[in-house]
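2 protein chains.
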Amino acid sequence: MKNVTIRALAKELNLSVSTISKALRDSYEISEETKQRVLEVANRLSYTPNPYASSLRGKKSKNIAVVIPEIADSFFAIAINGIEAVVKEKGYHVLICLTHESFENEKAILREFGSGRVDGVLMSVSSETTSCEHICDLMDKEVPVVFFDRVLDEVDTDKIVTNDFESGYAATRHLVEKGCKKIAYLGISKSLAISNNRMEGYKKALADHHIPFEASDIVLCTNDPAYNIEIVKELLQRKKRPDGIVASVEKLTTTVYLACNELQLVIPQQLRIVCFSNLEIATILHPSLTTITQPAFEMGKSAATVLLKALDKKNNGQPKKQLVIPSTLIIRGSSSI
Amino acid sequence: MKNVTIRALAKELNLSVSTISKALRDSYEISEETKQRVLEVANRLSYTPNPYASSLRGKKSKNIAVVIPEIADSFFAIAINGIEAVVKEKGYHVLICLTHESFENEKAILREFGSGRVDGVLMSVSSETTSCEHICDLMDKEVPVVFFDRVLDEVDTDKIVTNDFESGYAATRHLVEKGCKKIAYLGISKSLAISNNRMEGYKKALADHHIPFEASDIVLCTNDPAYNIEIVKELLQRKKRPDGIVASVEKLTTTVYLACNELQLVIPQQLRIVCFSNLEIATILHPSLTTITQPAFEMGKSAATVLLKALDKKNNGQPKKQLVIPSTLIIRGSSSI
DNA sequence: GTGAAAGCGCTAACAT
DNA sequence: ATGTTAGCGCTTTCAC
């Protein structure tokens with residue numbers, strides 16, 4: 001079966017292509033009766049417009065890209081659901097682009113977007129990303145970029161974040177209040193604002209509670225789970241080992257629990273844990289995991305909403321905003337008995 | 001900054017557009033020297049071809065769609081990584097389309113694909129899907145569809161599955177061998193082949209081990225976690241309650257563990273559990289979870305590879321194949337002490 | 001109220 | 001080895 005085009009409809013109805021086009025777009029120039037006939041035939045032949053012809057002609061693709069480090073992290077998986085819920089409504093499509101935490105990948109992906117493939121971009125930068133030229137280049141081409149979660153402060157654009165500093169603070173304070181005297185912080189990047197903000201919150205909480213901060217209590221994890229386990233075990237075997245841990249990303253949950261198992265450390269009696277995580281199964285871990293739960297779905301929804309607004313040419317020249325949606329500390333067994 | 005087109009390059013170099021086009025595609029008709037000059041200028045002006053013009057012209061989009069029920073399930077999240085790894089290599093893009101287990105959504109999504117938006121489709125049907133017209137309609141339009149995981153038997157196309165029957169059998173036999181006398185099966189759909197195959201394996205294992213099968217031991221779960229908990233609790237409070245459970249999908253893990261917590265049932269002493277799951281955190285559950293782990297990444301990779309092959313017109317008229325990649329029973333604490 | 005025609009950016013068949 | 005040109009399917013002036 002050949003693809004049915006607007007021309008086929010025109011022939012079928014003995015009308016011109018432009019009349020068909022206008023009828024389909026419900027133009028006021030076309031009579032009700034004609035519109036009806038066009039619609040009827042379009043349906044009968046199950047006509048669907050060629051998106052590429054429209055895009056080429058109209059200079060817009062109805063695609064938006066979601067550029068994220070990985071997808072098998074429940075924060076991003078849930079956020080995508082939020083994004084999708086919003087953009088689908090407006091007839092947009094979601095292109096998922098994974099950087100796998102690589103700056104090179106991220107640059108290559110954005111470079112591709114310079115020629116209209118997508119109308120806009122929602123992104124969370126890779127853990128390696130420290131500069132923003134690739135993003136600014138894209139924005140110079142009038143492709144709006146909205147950051148969510150992992151933002152780059154120096155780029156002047158809309159951002160949807162959660163209260164990382166306060167969450168880091170809250171997590172740490174909670175551990176202090178539970179009696180921890182020496183709290184370690186597991187990060188994933190020296191440069192990521194998100195990681196640093198959480199860490200600053202951590203430091204501030206220590207300071208406010210007169211607990212000396214030691215640089216060696218900051219441990220930088222990697223993408224390699226095996227390596228992470230080793231350094232966490234090393235951390236937990238030090239002469240003066242921590243009695244509390246704030247883990248700044250979800251995937252470190254497994255690392256910490258496994259390290260404790262191997263070292264036969266009892267959670268929370270010997271080590272209290274708070275993890276930034278959206279894992280649904282936090283409740284059934286043993287002990288259940290105290291989490292800082294990010295509003296993943298809402299962040300995705302907001303990011304998409306803001307992007308769609310930016311795409312609407314009417315709303316231009318608006319100053320860029322940063323929207324903060326708070327996370328929640330959910331206290332469970334890993335930090336308190 | 002205006003978008004740089006092939007025409008701009010032509011003007012810059014005093015060449016014709018076709019020369020540029022050919023040079024960029026490394027045609028043998030063009031001299032090495034010219035190619036170099038074109039490449040240099042293209043780079044300098046950071047030219048990127050307009051994908052929609054190419055698509056419109058060439059009748060192919062370099063997009064493939066991944067149609068899946070949800071993304072916040074680690075099987076699908078991991079599978080996407082496998083898919084992406086393969087198609088990225090060939091310059092394809094991945095369009096993620098979520099059905100949210102709704103047949104209506106699934107139909108609407110496929111209908112859209114009738115006009116060239118995507119060159120091919122990888123899909124796992126929704127739990128509501130029982131008929132295949134929407135899929136056949138698309139295939140009639142020469143859009144290849146490859147199934148993975150949740151297939152529709154009646155559609156004659158390539159399929160990548162895992163050994164569901166054998167896995168259901170293995171899970172059940174394992175529980176029998178551990179001494180279970182009454183084993184329940186948690187399904188999610190009456191119609192899904194995947195769910196039924198696993199169940200048939202379960203039934204066969206019971207029969208082979210002379211354990212009477214009771215229809216009431218089959219419990220159909222839904223998309224509503226709260227409801228699921230209730231029916232599982234009901235199951236576990238029956239006069240003759242099961243001493244083993246085979247849960248056929250990942251999201252039921254939380255359900256079962258929570259139900260046991262609430263009822264103060266001790267796993268595995270009072271109830272042994274095997275769950276179909278790719279959750280990395282299975283190891284740190286308490287007790288750690290015995291799983292049937294599907295080869296999610298490999299299935300994604302294979303599905304993508306097969307689709308790309310089908311997209312390559314040279315390989316046409318090949319008979320459709322079904323590829324089975326086995327799952328693995330990983331025995332952990334939830335089924336044995 | 002309807003139609004003719006130009007053109008979005010690219011490719012390829014067909015000149016030269 | 002390079003250039004000319006038609007056309008992919010659609011939208012949008014502009015004309016009738």
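Chains as they are written, first to last, in UniProt numbering: chain Y, 1 to 337; chain L, 1 to 337. For each residue, glycine too, the CB sits at the ideal point set by N, CA and C.
Check, Outcome
"Spatial distance of S334 (chain L) from K90 (chain L) (CA atoms)", "43 Å"
"Best match in L:L220, L:G116, L:S127 and L:Q270 for proximity to residue 338 (chain L) [C-alpha to C-alpha]", "One cannot answer for residue 338 (chain L) here, as it falls past the ends of chain L, which runs 1 to 337."
"Residues of the region 131-154 of chain Y with Cβ closer than 8 Å to any Cβ of chain L, in chain order", "D137, D140 and K141"
"Partners in chain L for L279 (chain Y), counting only beta-carbon separations shorter than 8 Å", "I281"
"Span of the alpha helix (DSSP H) around Q270 (chain Y)", "Note, Q270 (chain Y): premise wrong, no alpha helix (DSSP H); not H, not E."
"Neighbouring residues, chain Y, relative to N3 (chain L) (Cβ below 8 Å)", "G114, S115, G116 and K141"
"Where D140 (chain L) falls, given that 16 or more other Cβ within 10 Å makes a residue buried", "exposed"
"Distance between beta carbons of P326 (chain Y) and residue 341 (chain Y), contact taken as under 8 Å", "Since the displayed chain Y opens at 1 and closes at 337, residue 341 (chain Y) lies outside it and no answer follows."
"Minimum C-alpha distance to N223 (chain Y) - residue among Y:R25, Y:D217 and Y:L186", "Y:L186"
"Neighbour-count burial assignment, Y92 (chain L), 16 or more Cβ in a 10 Å radius", "buried"
"Extent of the continuous alpha helix (DSSP H) to which F148 (chain Y) belongs", "From DSSP, F148 (chain Y) is part of no alpha helix (DSSP H) but of the beta strand (DSSP E) over V145 to F148."
"Rounded straight-line distance, which links the Cα of G300 (chain Y) to that of I80 (chain Y)", "6 Å"
"Cβ shell of H209 (chain L) (< 6 Å), same chain only, five flanking positions each side left out", "V176"
"Cβ-based contacts, 7 Å cut-off: residues of the region 78-101 of chain L near chain Y", "I78, I80, N81, E84, H93, V94, L95, I96 and L98"
"Cut-off 8 Å between Cβ atoms - residues of its own chain near M1 (chain Y), not counting five sequence neighbours on either side", "Interpretation of M1 (chain Y) is limited by its pLDDT of 49, a score under 50 that renders its predicted location unreliable; the figure taken from the coordinates is listed afterwards. Cβ neighbours of M1 (chain Y) beyond the five flanking positions: none."
"Per DSSP, the bridge partner or partners of G58 (chain Y)", "The partner list for G58 (chain Y) (beta bridge, DSSP) is empty, contrary to what the question assumes."
"Where P69 (chain L) falls, given that 16 or more other Cβ within 10 Å makes a residue buried", "buried"
"Continuous beta strand (DSSP E) stretch holding A184 (chain L): start and end", "I183 to G187"
"Within chain Y, the residues that Y257 (chain L) reaches when beta carbons sit closer than 7 Å", "I284"
"Cβ of residue 340 (chain L) within 7 Å of any chain Y Cβ", "Any answer about residue 340 (chain L) is impossible in this case: the structure gives chain L only from 1 up to 337."
"Own chain, CB closer than 6 Å to L110 (chain L), minus 5 neighbours either side, in chain order", "H134 and L138"
"Run of the beta strand (DSSP E) containing V66 (chain Y), from where it starts to where it stops", "N63 to I68"
"Beta-bridge partners of A247 (chain Y), as assigned by DSSP", "Y:L186 and Y:C275"
"Continuous alpha helix (DSSP H) stretch holding Q36 (chain Y): start and end", "E32 to R44"
"Cutoff 7 Å: S50 (chain L) Cβ touching any chain Y Cβ", "According to the sequence displayed, residue 50 (chain L) carries Asn and not Ser. True, the Cβ-Cβ gap to chain Y drops below 7 Å."
"Span of the alpha helix (DSSP H) around T305 (chain Y)", "A296 to L311"
"Enclosing beta strand (DSSP E) for L323 (chain L) [first to last residue]", "Q322 to I325"
"Best match in L:K88, L:S126 and L:S74 for proximity to C97 (chain L) [C-alpha to C-alpha]", "L:S126"
"Length of the line joining the Cα atoms of P212 (chain Y) and L308 (chain Y)", "46 Å"
"Contact list for the region 57-72 of chain Y against chain L, Cβ threshold 7 Å", "S61, I71 and A72"
"Paired residues, beta bridge with H210 (chain Y) - DSSP", "None; H210 (chain Y) has no bridge partner."
"C-alpha distance - L220 (chain L) paired with G120 (chain Y), whole-angstrom precision", "42 Å"
"Candidates Y:T291, Y:P319 and Y:I273, of which the one nearest I281 (chain Y) by Cα", "Y:T291"
"Inter-residue spacing [alpha-carbon to alpha-carbon] between V118 (chain Y) and A85 (chain L)", "21 Å"
"Option in L:E29, L:L206, L:E112 and L:T34 with minimal Cα separation from F14 (chain L)", "At residue 14 (chain L) the sequence reads Asn, which differs from the Phe that was named. Selected option, being the one with the closest Cα: L:T34."
"Close-in-space but distant-in-sequence residues of the same chain around A10 (chain L) (CB under 8 Å, 5 per side omitted)", "S16, V17, T19 and I20"
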